[in-house]
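Asks: Heads up: the sequence lines are chains A and F, in that order.
First residue of the first sequence: 6, per our numbering; consecutive thereafter.
First residue of the second sequence: 6, per our numbering; consecutive thereafter.
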Amino acid sequence: MASRYIYRPFIKGSVPQTKPIVSIENVVASATVNQTVNLNLITQIFPDVEYHPDQFPGLVFRLRSPKTATLIFSSGKMVCTGAKSEKMAIQAVKNVVQKLKKGGIPLENEPQIEIQNIVASASLGGKIHLELAARVLPRSMYEPEQFPGLIHRMLDPKTVILLFASGKLVCTGAKKESEVYRAVGNLHTLLEEKNLMIYEG
Amino acid sequence: RLRTWDSRSQVHEPVDRNFRQAFSELDRLKDKLAVGDAVIEKAAYVYRKALEKGLVRGRSISALVAAALYAACRDTETPRTLKDIANASNIKKKDVARCYRLLIRELDLKMPVVDPVKCVARIASKAGLSEKTKRKALEILKKAEEGKISAGKDPMGLAAAALYVACVMNGENKTQKDVAEAAGVTEVTIRNRYKGLKTHLKL
DNA sequence: AGGTTACTTTAAAAAGC
DNA sequence: GCTTTAAAAAGTAACCT
């Protein structure tokens, strides 16, 4: 009983009560095959692609697995969106290149891939006092007439977090999954330290 | 010497022209929106800061003037909505909002959150509601804000719902549509806020 | 009233206007 | 700055029954 008395009362309000639940929702990767590509030829071989050069220079190549959309440019550069992890994004780009090759598109090189952005959602353990948070969190903006979430720009890791009153959030701008966990952890700790979280039930 | 002269004629002079154009636009908006001189002065101050920081390059002067004016209204708690500024300046509400957020970000401005209480008077006068109903709405808002049902919600929607509830309580014959129209929100929003108020205040 | 769909915000890359 | 892609959060809006 003594140890319980010592720990619980002092931990409350100074240490996160719950561990955030994080989900990677979208990974954006850029890639290049270091050679030019004939987009019109791809359109002939793959009838399901979307290509409207008058509207946008990139051709949209959709994969069912991993469920992604890859934009292919005539320069041989690409942008893959929609993957649920870094690995899946890389696999998606490789799958696209493999399909192009099997379809008869002459590609000589393996794609060079770079993760550009990771979007994740998360849930902290309790509700947030947004109006107070807007006043005490640096680089944050809360404009309920424009958007229901508080927009917070974190310096390290360099990310932007959309924080909602429910305690759920969206983290974007990270280039590594580890940065997402670090950003969410940093914010959770900050909110705890400044007593901006409301734990009920 | 020629270099020095160049830097004055090609950089400083256009800055003055830019500010003169911005200020005349501010004067035009001042009459349309009926805001006081203090608000205009603050808007001009914010715009000048934006100019000094180079935020106007590649952007519309009109949009930034409108955004600076909105920032001044917010800072002085002058009840003018983004829609008001957008309509008076003929700039899309989305663009005014985007420039406003740019000013807040780049100039490190801190604005008070829009208070639903300040929205009540405007909606009430537009809808022609009584002083008693206005008072009742303020009471309702007081309880609602402390109950934390307002986080993330549009202040106009909250004020409109509070006024609608107050009308019903005072037997003032106004429909949701009347209040919604005066507030610039939809009836659906009033209904949704009403549900929250009903649950929280157990009305 | 309700249900659907759709739009607001955030980040990032691609080529070109 | 814009165009296109994807995805989440919560609120508001538009349109249909």
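Note that the Cβ used here is the ideal one computed from N, Cα and C, for glycine as well.
Nothing here was measured: the structure is a model prediction, and the numbers come from that model.
Interface residues of chain F around residue 135 of chain A at Cβ under 8 Å?
Replies: 156 and 157
Asks: Per the DSSP calculation, residue 159 of chain A is bridged to which residue(s)?
Replies: A/164
Asks: With 16 as the cutoff for other CB atoms within 10 Å, does residue 141 of chain F come out buried or exposed?
Replies: buried
Asks: Below 8 Å on the Cβ atoms is my guess for residue 177 of chain F versus residue 130 of chain F; work out the distance and round it to an integer in Å.
Replies: No, residue 177 of chain F and residue 130 of chain F are not in contact; Cβ-Cβ is about 14 Å, not under 8 Å.
Asks: Using a Cβ distance threshold of 8 Å, determine whether the segment 126 to 133 of chain A contacts the segment 174 to 188 of chain A, with at least three qualifying pairs required.
Replies: yes
Asks: For residue 87 of chain F, which residues in chain A fall below 8 Å Cβ to Cβ?
Replies: 150 and 151
Asks: As a quick exercise: from A/107, A/167, A/57 and A/95, pick the residue whose alpha carbon is nearest that of residue 36 of chain A.
Replies: A/95
Asks: Quick one: what's residue 70 of chain A bridged to in DSSP?
Replies: Partner(s): none; residue 70 of chain A has no beta bridge.
Asks: Taking beta-carbon pairs under 8 Å, can you tell me which members of the segment 156 to 188 of chain F lie near chain A?
Replies: 156, 157, 158, 159, 160 and 161
Asks: Keeping to the same chain, check which residues put their C-beta closer than 8 Å to that of residue 205 of chain A; ignore five residues upstream and five downstream.
Replies: 131 and 132
Asks: Along chain A, which residues have their Cβ under 9 Å away from the Cβ of residue 109 of chain F?
Replies: 146 and 148
Asks: Could you tell me whether the segment 102 to 121 of chain F touches the segment 67 to 78 of chain F, where touching means 3 or more Cβ pairs closer than 8 Å?
Replies: yes
Asks: In the segment 164 to 186 of chain A, which residues sit with their C-beta less than 7 Å from some C-beta in chain F, listed in chain order?
Replies: Cβ contacts with chain F come from 169 and 170.
Asks: Counting pairs of Cβ atoms below 8 Å between the segment 113 to 126 of chain A and the segment 29 to 47 of chain A, do you hit three or more?
Replies: yes
Asks: Can you tell me where the alpha helix (DSSP H) holding residue 193 of chain F begins and where it ends?
Replies: 192 to 205
Asks: Any contact of the segment 196 to 204 of chain F with the segment 150 to 170 of chain F, i.e. 3+ C-beta pairs under 8 Å?
Replies: yes
Asks: Given residue 198 of chain A, which residues of its chain have a CB within under 6 Å of its CB, disregarding the five upstream and five downstream residues?
Replies: none
Asks: Would the beta-carbon of residue 190 of chain F fall within 8 Å of that of residue 152 of chain F?
Replies: no
Asks: Does the segment 53 to 73 of chain A come within contact of the segment 155 to 170 of chain A, defined as at least 3 CB pairs closer than 8 Å?
Replies: no
Asks: Buried or exposed for residue 193 of chain F, please, with buried defined as at least 16 other CB atoms from any protein chain shown within 10 angstroms of its CB.
Replies: exposed
Asks: Here's the rule I'm using: 16 or more other beta-carbon atoms within 10 Å means buried, otherwise exposed. How should residue 20 of chain F be labelled?
Replies: exposed
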